[in-house]
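*Asks:*
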Amino acid sequence: GWAWCEVLDMNTFYYYHIPASERRRIESLETFDEYEELNLKYSHYFILTASTVSLNRSLIGEGVFPPAVNCYPPISNIVSINRLAENAQSVRRFGHASSLVQGRYAVSTGGFGEIDGRHQRLTEITVTDMQTFQSSHILCCPTDLQCSRMHHASVSLSDGATFLIGGRQSPYFMCNQMLKICLNVVPEQGDLTQKFEDKHCSDHSADDNKQNLPPGVASNVRATGQSTGGSHQSSTLTESSVSSQSTTDLTRELGDTHLEKPGCDSRTCDHVQSSFPCDSNLDPESAHQENGSDSDFSCSFHMGCVHISVVNQKGGVPRERWRHAATDVVINGQEKIFLHGGKTKTGEVLGDSYLFDPFSHVWEQLSCVGDVPGALHSHCVSHWNGQVVLTGGLNVASLPSEDVFLLNLTTKIWEKLPITGNFYARYSHTSHLVHEDILLLVGGVNLHHPPPGVAVINLRTRKALEFALPEQDKSSLLMFHRHTSVKLDEDKIVVLGGGGNCFSFGTHLNRTPVVLGVGSCIDSVR
1 GWAWCEVLDM NTFYYYHIPA SERRRIESLE TFDEYEELNL KYSHYFILTA STVSLNRSLI
61 GEGVFPPAVN CYPPISNIVS INRLAENAQS VRRFGHASSL VQGRYAVSTG GFGEIDGRHQ
121 RLTEITVTDM QTFQSSHILC CPTDLQCSRM HHASVSLSDG ATFLIGGRQS PYFMCNQMLK
181 ICLNVVPEQG DLTQKFEDKH CSDHSADDNK QNLPPGVASN VRATGQSTGG SHQSSTLTES
241 SVSSQSTTDL TRELGDTHLE KPGCDSRTCD HVQSSFPCDS NLDPESAHQE NGSDSDFSCS
301 FHMGCVHISV VNQKGGVPRE RWRHAATDVV INGQEKIFLH GGKTKTGEVL GDSYLFDPFS
361 HVWEQLSCVG DVPGALHSHC VSHWNGQVVL TGGLNVASLP SEDVFLLNLT TKIWEKLPIT
421 GNFYARYSHT SHLVHEDILL LVGGVNLHHP PPGVAVINLR TRKALEFALP EQDKSSLLMF
481 HRHTSVKLDE DKIVVLGGGG NCFSFGTHLN RTPVVLGVGS CIDSVR
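Right, here's the structure in full:
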């Protein structure tokens, strides 16, 4: 036998036993952005040394050991996962961004996914109805608009306007366009869907907002696995969970539609830069003059019309970045967008904060004091009671953060919250505020624990608990990182996309949407 034995997993070995200078040298050899896959792969490998005689020092670490971490296991058998039927799981991408428009429509943009069996960066915009779980994939996007982007931020305001901020098209090309997406949903027979008419989308004419779907739309829409475009197929969610939660209330009428590139024409999807309206009767020249932009684009699709334009940014415009965090906030009754952190093209990790005025298009850099979080990327921010809540992320040493910070938007003072209970460090997660004072963190990656499931933080009492995800079937595995999520109601979260590329164990694209039931988790901290 062996008198002495030592073992270290590769995450511990790399981050705590390789000199920082050597790590910087390795990481500077080429542009790298596959942190999740690296950490997940490292968690499956270890270095072991053994000796036939007793030793009084480490052969690997020369007496250097990582700091002690919280090793309390998560609570099991609480979170439920409810899946759509397989033919409905059409949102398959990662590194994308999603936001909820008017409380009903999830708009997903960019990311890496699959089209016609090919893995590639995606230009399509996917609109998913959270009442029916019907998804429409809009494949028409002109090349002069930077729709194809990864690790960007998407923020929707109360009037329905969605802003895309930052991201990259490749490790060497950062996105410098800020895009605004306006969604107009046309009510269909038997559907109470409302149309969005808002001041951010005021470029649309009154006639445009009243128009019906133009001729030719039906021929350009294909329903996956069905013989007629736009038809609906009944599908029941099946539950993969040890929870007793019923799924009867989650049975949906489902239809999945794609707007094909070959079907685009001047009536439904105009690639001409000066094209503006969904209304084919509006003169393109007058639309261009009203718009004042050469980079506007409109397209009709199964649910209605989408309009994309480039925002003319003013003021102290932030540096180009990706893996940053953004959220909508309200200051003195006016909605603004808060932006924090991210990474630059050169690999620098940022710790700056900005506010964007969606009406004047002016950026303002904030000068903050207090317990400043520092440079982070792959983190989350949420708005709570006039403050920004920041969770997780990777710091400049590429180590996950277990801290929770509050920024008072009036005083510009950061505060580090003293969290009690069970809470894991994580990054590449999503966050949602529910029941006024409860913050949910979904998924993520860390170094020393099982993959995070759902964390619940009571922002009033500062108490946190970790909950494990149900055991999964390997044939329908879900990876809860590089995903997005939207709030279906106070106790249910819809996860969209997620997965990883072939750096580790082969490219995996989650089959989503899936619904997480978290009501019992929330009750545990109230």
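At position 212 of the sequence shown the residue is numbered 212 (the UniProt record's numbering), and the sequence of numbers has no breaks.
Don't be surprised by glycine CBs; every beta carbon is placed ideally from N, CA and C.
1) As an exercise, report each continuous beta strand (DSSP E) stretch of at least 3 residues that is fully enclosed by the region 421 to 453, in chain order.
2) Could you tell me how far apart the beta carbons of Ala-106 and Thr-128 are, in whole angstroms, since I believe they sit closer than 8 Å?
3) Note down the Cα distance separating Val-155 from Asn-408, rounded to an integer number of angstroms.
4) Taking only the alpha-carbon atoms, compute the straight-line gap between Val-372 and Trp-414 and give it to the nearest angstrom.
5) Decide if Pro-418 is buried, meaning its Cβ has at least 16 other Cβ atoms within 10 Å, or exposed.
6) Flag this pair as yes or no: are the beta carbons of His-152 and Trp-363 separated by less than 9 Å?
7) Run the CB neighbour count on Glu-466, radius 10 Å, all protein chains shown included, and call it buried at 16 or more, exposed below.
8) Which first and last residues belong to the alpha helix (DSSP H) in which Tyr-16 is found?
9) Since I believe Cys-380 is in contact with His-429 (beta carbons under 8 Å), could you give me their beta-carbon distance rounded to a whole number of angstroms?
10) Just mark Pro-67 as buried or exposed, buried being the case when its beta carbon has 16 or more other beta carbons within 10 Å.
11) Buried or exposed for Val-525, going by 16 or more other Cβ atoms inside 10 Å?
12) Examine chain B for any beta-carbon lying closer than 9 Å to the beta-carbon of Leu-459, and answer yes or no.
13) Looking at the structure shown, is Cys-521 part of a helix, part of a strand, or coil, going by DSSP?
14) Am I right that His-383 and Asp-328 are in contact with their C-beta atoms under 8 Å? What's the rounded C-beta distance?
15) Just curious, the beta strand (DSSP E) that Leu-376 is in, first and last residue?
16) On the criterion of 16 or more Cβ atoms from any shown chain inside 10 Å, does Lys-336 qualify as buried, or is it exposed?
17) State the start and end residues of the unbroken beta strand (DSSP E) segment that holds Tyr-35.
18) Assuming Leu-406 contacts Val-389 under a Cβ cut-off of 8 Å, what Cβ separation, rounded to an integer in Å, is found between them?
19) By Cβ distance, which residues of its chain are closer than 6 Å to Val-307, with the 5 residues on each side in sequence left out?
20) Report the residue from Glu-114, Gly-443, Val-442 whose alpha carbon sits nearest the alpha carbon of Asn-501.
21) Could you give the C-beta distance for Leu-376 and Leu-366, rounded to a whole number, given that I count them as a contact under 8 Å?
22) Could you pull out every unbroken beta strand (DSSP E) segment of at least 3 residues lying fully inside the region 384 to 411, listed in chain order?
23) Are the Cβ atoms of Gln-146 and Asn-176 separated by less than 9 Å?
24) Kindly indicate the opening and closing residues of the beta strand (DSSP E) around Met-464.
25) Closest to residue 549 by C-alpha separation, out of Lys-412, Asp-437, Glu-436, His-448, would be which residue?
26) Can you tell me the Cα-Cα spacing of His-53 and Leu-8, whole angstroms?
27) With the cut-off set at 9 Å, would you say Leu-100 and Lys-492 are in Cβ contact?
28) Are the region 130 to 137 and the region 76 to 92 touching, with three or more C-beta to C-beta distances below 8 Å?
29) Under the rule that 16 or more other beta-carbon atoms within 10 Å means buried, what is Ala-20, buried or exposed?
30) Can you tell me whether Thr-268 is helix, strand or coil according to DSSP?
31) Below 8 Å, how does it come out for the region 388 to 404 and the region 438 to 455: are there three or more Cβ pairs, yes or no?
32) Per DSSP, which one or two residues make a beta bridge with Tyr-105?
33) Roughly how many whole angstroms lie between the Cα atoms of Phe-163 and Asn-446?
34) Excluding the five sequence neighbours on either side, which residues of its own chain have a C-beta within less than 8 Å of the C-beta of Ile-60, listed in chain order?
*Replies:* This is what the structure gives:
1) 430 to 434, 438 to 442
2) Reading the sequence shown from its first residue, position 106 is the one you call residue 106. Reading the sequence shown from its first residue, position 128 is the one you call residue 128. With a Cβ gap of about 4 Å, Ala-106 and Thr-128 count as contacting.
3) Sequence index remark: in the sequence shown, residue 155 carries index 155 (1-based). Sequence index remark: in the sequence shown, residue 408 carries index 408 (1-based). If you take the alpha carbons of Val-155 and Asn-408, they lie about 20 Å apart.
4) On the sequence shown, residue 372 is found 372 positions in, with the first residue counted as 1. On the sequence shown, residue 414 is found 414 positions in, with the first residue counted as 1. Approximately 5 Å between the Cα atoms of the pair.
5) In the sequence shown, the residue the question calls residue 418 occupies position 418. Pro-418 sits exposed, since fewer than 16 C-beta atoms from the chains shown fall within 10 Å of its C-beta.
6) For the purposes of this step, residue 152 is taken as the residue at position 152 of the sequence shown. For the purposes of this step, residue 363 is taken as the residue at position 363 of the sequence shown. Their beta carbons are not under 9 Å apart, which means His-152 does not touch Trp-363 by this criterion.
7) For the purposes of this step, residue 466 is taken as residue 466 along the sequence shown, with counting starting at 1. With 16 or more other Cβ atoms within 10 Å, it is buried.
8) Position 16 of the sequence shown, counted from the first residue, corresponds to residue 16. Where Tyr-16 is concerned, the enclosing alpha helix (DSSP H) stretches over 10 to 17.
9) The count along the sequence shown starts at 1 and reaches residue 429 at position 429. The count along the sequence shown starts at 1 and reaches residue 380 at position 380. In this structure His-429 is in contact with Cys-380, their Cβ atoms being roughly 6 Å apart against a cut-off of 8 Å.
10) Against the sequence shown, residue 67 aligns to sequence position 67. Exposed: under 16 other Cβ atoms inside 10 Å.
11) Start at 1 with the first residue of the sequence shown, and residue 525 comes out as number 525. That one is buried.
12) Going by chain labels, chain B is absent from the structure shown, which holds only one protein chain.
13) One-based indexing of the sequence shown puts residue 521 at position 521. If DSSP states are grouped into helix, strand and coil, Cys-521 belongs with the helices.
14) In the sequence shown, the residue the question calls residue 383 occupies position 383. In the sequence shown, the residue the question calls residue 328 occupies position 328. Sure, about 6 Å apart at Cβ, within 8 Å.
15) Translated into the one-based positions of the sequence shown, residue 376 becomes position 376. Premise fails: Leu-376 is in no beta strand (DSSP E) and is neither H nor E.
16) Position 336 of the sequence shown, counted from the start, is the residue given in the question as residue 336. Looking at its Cβ environment, which holds 16 or more other Cβ atoms inside 10 Å, Lys-336 is buried.
17) In the sequence shown, counting from the first residue as 1, residue 35 sits at position 35. Unbroken run through Tyr-35 is the alpha helix (DSSP H), 35 to 42; no beta strand (DSSP E).
18) For the purposes of this step, residue 406 is taken as residue 406 along the sequence shown, with counting starting at 1. For the purposes of this step, residue 389 is taken as residue 389 along the sequence shown, with counting starting at 1. That pair is a contact at about 6 Å.
19) As a first step, residue 307 is located in the sequence shown; it is residue number 307 there, counting from the start. The residue you asked about is not Val; residue 307 is His in the sequence shown. Answer for His-307: Cys-182, Ser-298, listed in chain order.
20) By one-based count along the sequence shown, residue 501 stands at place 501. Residue Glu-114 is the option with its Cα nearest to Asn-501.
21) The residue you call residue 376 lines up with position 376 of the sequence shown. The residue you call residue 366 lines up with position 366 of the sequence shown. Not confirmed; about 15 Å, so no contact.
22) 387 to 391, 404 to 408
23) Your numbering for residue 146 matches position 146 in the sequence shown. Your numbering for residue 176 matches position 176 in the sequence shown. The criterion of a C-beta distance shorter than 9 Å is satisfied by Gln-146 and Asn-176.
24) Here residue 464 corresponds to residue number 464 of the sequence shown, with the count starting at 1. Per the sequence shown, residue 464 should be read as Ala rather than Met. Unbroken beta strand (DSSP E) run through Ala-464: 463 to 467.
25) The structure shown does not extend to residue 549, since the chain spans only 1 to 526, so no value can be given for it.
26) As a position in the sequence shown, residue 53 is number 53, starting the count at 1. As a position in the sequence shown, residue 8 is number 8, starting the count at 1. The sequence shown places Val at residue 53, not His. Using only the alpha carbons, I get a separation of about 19 Å.
27) For the purposes of this step, residue 100 is taken as the residue at position 100 of the sequence shown. For the purposes of this step, residue 492 is taken as the residue at position 492 of the sequence shown. Going by C-beta atoms, Leu-100 is not nearer than 9 Å to Lys-492.
28) Contact holds: three or more Cβ-Cβ distances are below 8 Å.
29) Residue numbering aside, residue 20 sits at position 20 when the sequence shown is read from its first letter. The residue is exposed, with fewer than 16 neighbouring Cβ atoms inside 10 Å.
30) As a working mapping, residue 268 is identified with position 268 in the sequence shown. Legend: pLDDT at Thr-268 = 34, less than 50; position of this residue unreliable, value from coordinates given subsequently. If DSSP states are grouped into helix, strand and coil, Thr-268 belongs with coil.
31) yes
32) To locate residue 105, count along the sequence shown from 1; it is residue 105. Its beta-bridge partners are Val-101, Asp-129.
33) Sequence index remark: in the sequence shown, residue 163 carries index 163 (1-based). Sequence index remark: in the sequence shown, residue 446 carries index 446 (1-based). Straight-line spacing of the CA atoms in Phe-163 and Asn-446 works out to 29 Å.
34) Indexing the sequence shown from 1 puts residue 60 at position 60. Residues Glu-6, Leu-8, Phe-13, His-17, Ile-47, Thr-49 of the same chain have their beta carbon placed closer than 8 Å to that of Ile-60, with the five preceding and five following residues left out of the count.
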